[in-house]
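Novice:
Protein chains: 2
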Amino acid sequence: MTGLRERKKAETRAALGWAAIHLTAERGYDNVRVEDIAEAAGVSPRTFNNYFSSKAEAIASRHLDRSLRTAAALRERPVDEPLWAALTQAALEQFTRGPEVEAMPSPTHAQWVAGVRTMLAEPALQGERLRAVAVAEAELAAAVAERTGTDLATDMYPRLVAAAASAAVAVAMQHYLDSADPPAPIERLITDAFTQVAAGLPAPPR
Amino acid sequence: MTGLRERKKAETRAALGWAAIHLTAERGYDNVRVEDIAEAAGVSPRTFNNYFSSKAEAIASRHLDRSLRTAAALRERPVDEPLWAALTQAALEQFTRGPEVEAMPSPTHAQWVAGVRTMLAEPALQGERLRAVAVAEAELAAAVAERTGTDLATDMYPRLVAAAASAAVAVAMQHYLDSADPPAPIERLITDAFTQVAAGLPAPPR
DNA sequence: GATATTTTTGCGGGGCACGCATCTTTGCGT
DNA sequence: ACGCAAAGATGCGTGCCCCGCAAAAATATC
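These protein sequences, in sequence, are chains Y and G.
Take 374 as the starting number for the first sequence in our numbering and just add one per residue.
Take 374 as the starting number for the second sequence in our numbering and just add one per residue.
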């Protein structure tokens with residue numbers, strides 16, 4: 374059962390995370406104070422640090438949540454699906470755009486994308502983002518171990534798979550952001566990346 | 374030519390980095406103040422921030438340097454060596470222990486390892502470490518692109534290779550630290566990891 | 001409705017990162 | 001050898017961040 378307490382906590386957390394991202398994309402990382410984020414979310418500044426232990430962590434929180442969902446998605450895939458096909462699908466599922474982005478008016482949208490790009494370039498945030506990916510990777514490794522019947526404690530295999538899958542997604546996203554004109558569809562990039570990794574990344578003929 | 378100026382800068386940087394690691398492994402991350410690190414390196418506290426923009430960055434600096442050396446090492450490998458063999462060797466080269474560690478007396482050494490483990494577990498450092506790896510990965514990708522005649526701007530291939538290689542090293546290191554009793558030789562773990570990745574990480578028979 | 005738990009909030013402290021002005025060191029041309 | 005220009009080191013001051021602690025408010029339990 375989902376009590377009022379838990380729901381409110383989740384809402385506050387989401388509000389703080391979203392406010393942190395929104396304000397940062399709008400004004401730039403160090404023109405946003407914790408105080409501003411707290412105000413936008415309707416809580417006291419002190420409360421901010423009850424939810425996140427740093428400004429960076431708040432901003433990275435959505436990325437963390439989404440990354441964790443990949444592991445959960447893998448567990449939902451049919452057990453008889455081949456591993457790499459299941460991984461690819463699990464990853465793809467995370468890239469259907471949510472309503473709060475879709476509902477954004479178009480001219481604003483361009484500014485938004487630019488703001489996000491600037492945000493991602495901020496060194497102070499990259500570390501936290503990568504840490505989020507690492508946390509999710511552990512979950513993914515556990516799911517892979519379960520699915521393939523390997524042992525996390527003795528085999529490197531599940532961790533290698535999880536790391537390679539994370540890398541595929543990361544590279545595809547980077548490629549998408551870099552060459553956004555014209556923007557190659559992210560779905561194709563992800564599929565491509567997974568295919569190459571699953572083929573062992575052979576050196577191309579020269 | 375390597376002037377006095379550059380040499381002194383490099384020395385100061387190294388001294389700060391080493392002091393940061395040493396003190397942190399000894400006392401724990403938040404029992405070390407920037408002031409202490411500066412003092413140990415023989416410079417003023419203000420100077421610390423001329424070299425590193427955070428305590429975490431200073432601690433991760435050696436890791437960054439070592440990671441960057443992998444990319445440099447790849448460039449030194451013979452051009453006719455197959456890609457994955459060259460990558461494996463380049464990575465292996467970075468794991469011959471330096472004299473300042475080798476020279477450490479054995480009882481102290483145990484404490485040292487424990488200290489380092491605690492240090493690596495510190496959340497505040499993990500992000501910075503990962504960021505260092507990411508920076509090195511970009512270098513590695515460039516080296517791979519060069520060696521394979523692919524194009525960084527249009528092909529995901531070199532980045533995927535770099536990411537997969539980084540992941541192989543990271544997983545091997547993690548495995549090494551986790552199962553350190555008995556400690557499997559790191560060289561074998563790395564070689565194993567690279568072999569699996571280059572084979573496309575096929576699902577094992579159940 | 002009264003009591004017990006959880007969460008929020010205000011306050012205060014210790015530290016960190018950095019801009020700016022100043023002083024010192026190094027490099028170089030004559 | 002000397003002095004000037006460039007680069008680095010230092011001290012000071014500022015704004016912000018993160019967190020411990022204890023009181024107050026909100027929610028759950030009976």
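Think of the CB as a built atom: it goes at the ideal place given N, C-alpha and C, for glycine as much as any other residue.
(1) If you follow the alpha helix (DSSP H) that R532/G is part of, which residue opens it and which one closes it?
(2) Taking Cβ positions only, does M529/G come closer than 7 Å to chain Y?
(3) Would you say Q462/G reaches chain Y, if we count a Cβ-Cβ gap shorter than 7 Å as a contact?
(4) So Q462/G is in the alpha helix (DSSP H); what residue range does that whole segment cover?
(5) Quick one: any contact between the segment 393-404 of chain G and the segment 490-507 of chain G, if contact means 3 or more CB pairs under 8 Å?
(6) So, does the CB of H395/G fall closer than 7 Å to a CB anywhere in chain Y?
(7) Chain Y beta carbons: is any one of them nearer than 7 Å to that of G573/G?
(8) Compute the Euclidean distance between the alpha carbons of T491/Y and P556/Y, then round it to the nearest angstrom.
(9) Of all Cβ atoms in chain G, is any one closer than 7 Å to the Cβ of G401/Y?
(10) Tell me the DSSP secondary structure of T568/Y in three-state form.
(11) Rounded to a whole number of angstroms, what is the C-alpha to C-alpha distance between E454/G and R448/G?
(12) Which residues of chain Y have a Cβ atom closer than 8 Å to the Cβ of V570/G, listed in chain order?
(13) For the segment 500-521 of chain G, list every residue whose C-beta sits within 7 Å of some C-beta in chain Y, in sequence order.
(14) Taking Cβ-Cβ distances below 9 Å as the criterion, which residues of the segment 437-463 of chain G are in contact with chain Y?
(15) From the DSSP output, in three-state form, read off G415/Y for me.
(16) Could you give the DSSP three-state label for G573/Y: helix, strand or coil?
(17) Look at the Cβ atom of T521/G, then the Cβ atom of P577/Y, and state whether they are nearer than 7 Å.
(18) A518/G and L525/G - do their beta-carbons sit closer together than 7 Å?
(19) Kindly indicate which three-state DSSP category M492/G falls into: helix, strand or coil?
(20) Please identify, using Cβ separations under 8 Å, the residues of the segment 477-493 of chain Y that lie next to chain G, in order along the chain.
(21) Over what stretch of residues does the alpha helix (DSSP H) that includes L437/G continue unbroken?
(22) Can you give, in chain order, each stretch of the alpha helix (DSSP H) that sits fully within the segment 374-406 of chain Y and has at least 4 residues?
(23) With H, G and I counted as helix, E and B as strand and the rest as coil, what does DSSP make of T521/Y?
Specialist: To lay it out plainly:
(1) As a working mapping, residue 532/G is identified with position 159 in the second sequence. Residues 530-551.
(2) In the second sequence, residue 529/G corresponds to position 156, counting from 1. Yes - at least one Cβ of chain Y is within 7 Å of the one on M529/G.
(3) Start at 1 with the first residue of the second sequence, and residue 462/G comes out as number 89. Q462/G does not count as touching chain Y.
(4) For the purposes of this step, residue 462/G is taken as the residue at position 89 of the second sequence. Per DSSP, Q462/G belongs to the alpha helix (DSSP H) from 456-466.
(5) yes
(6) As a working mapping, residue 395/G is identified with position 22 in the second sequence. H395/G does not count as touching chain Y.
(7) Sequence index remark: in the second sequence, residue 573/G carries index 200 (1-based). Yes, G573/G counts as interfacial toward chain Y.
(8) Taking the first sequence and counting its residues from 1, one reaches residue 491/Y at position 118. Taking the first sequence and counting its residues from 1, one reaches residue 556/Y at position 183. Spanning the two alpha carbons is a distance of roughly 18 Å.
(9) What you label residue 401/Y is simply residue 28 of the first sequence in a count that begins at 1. Not an interface residue.
(10) As a first step, residue 568/Y must be located in the first sequence, where it is residue number 195. In the structure shown, T568/Y sits in a helix (DSSP, three-state: H, G or I).
(11) Position 81 of the second sequence, counting from 1, holds the residue named residue 454/G. Position 75 of the second sequence, counting from 1, holds the residue named residue 448/G. Cα-Cα distance, rounded: 11 Å.
(12) Translated into positions along the second sequence, residue 570/G becomes position 197. Chain Y residues near V570/G: L533, A537, G573, L574.
(13) G500, E501, L503, R504, A507, T521
(14) P455, L456, W457
(15) Your numbering for residue 415/Y matches position 42 in the first sequence. In the structure shown, G415/Y sits in coil (DSSP, three-state: anything other than H, G, I, E or B).
(16) Along the first sequence, one-based indexing puts residue 573/Y at 200. Reduced to three states, the DSSP call for G573/Y is coil.
(17) As a working note, residue 521/G is residue 148 in the second sequence. As a working note, residue 577/Y is residue 204 in the first sequence. Cβ distance < 7 Å, so T521/G and P577/Y count as in contact.
(18) Your numbering for residue 525/G matches position 152 in the second sequence. Your numbering for residue 518/G matches position 145 in the second sequence. A contact, by the Cβ cut-off of 7 Å.
(19) Along the second sequence, read from residue 1 onward, the residue named residue 492/G stands at position 119. Note: M492/G maps to helix in three-state DSSP.
(20) none
(21) Against the second sequence, residue 437/G aligns to sequence position 64. Taken as a continuous stretch (DSSP letters only), the alpha helix (DSSP H) holding L437/G covers 428-449.
(22) 377-400
(23) Here residue 521/Y refers to the residue found at position 148 of the first sequence. Of the three classes helix, strand and coil, the one that applies to T521/Y here is helix, per DSSP.
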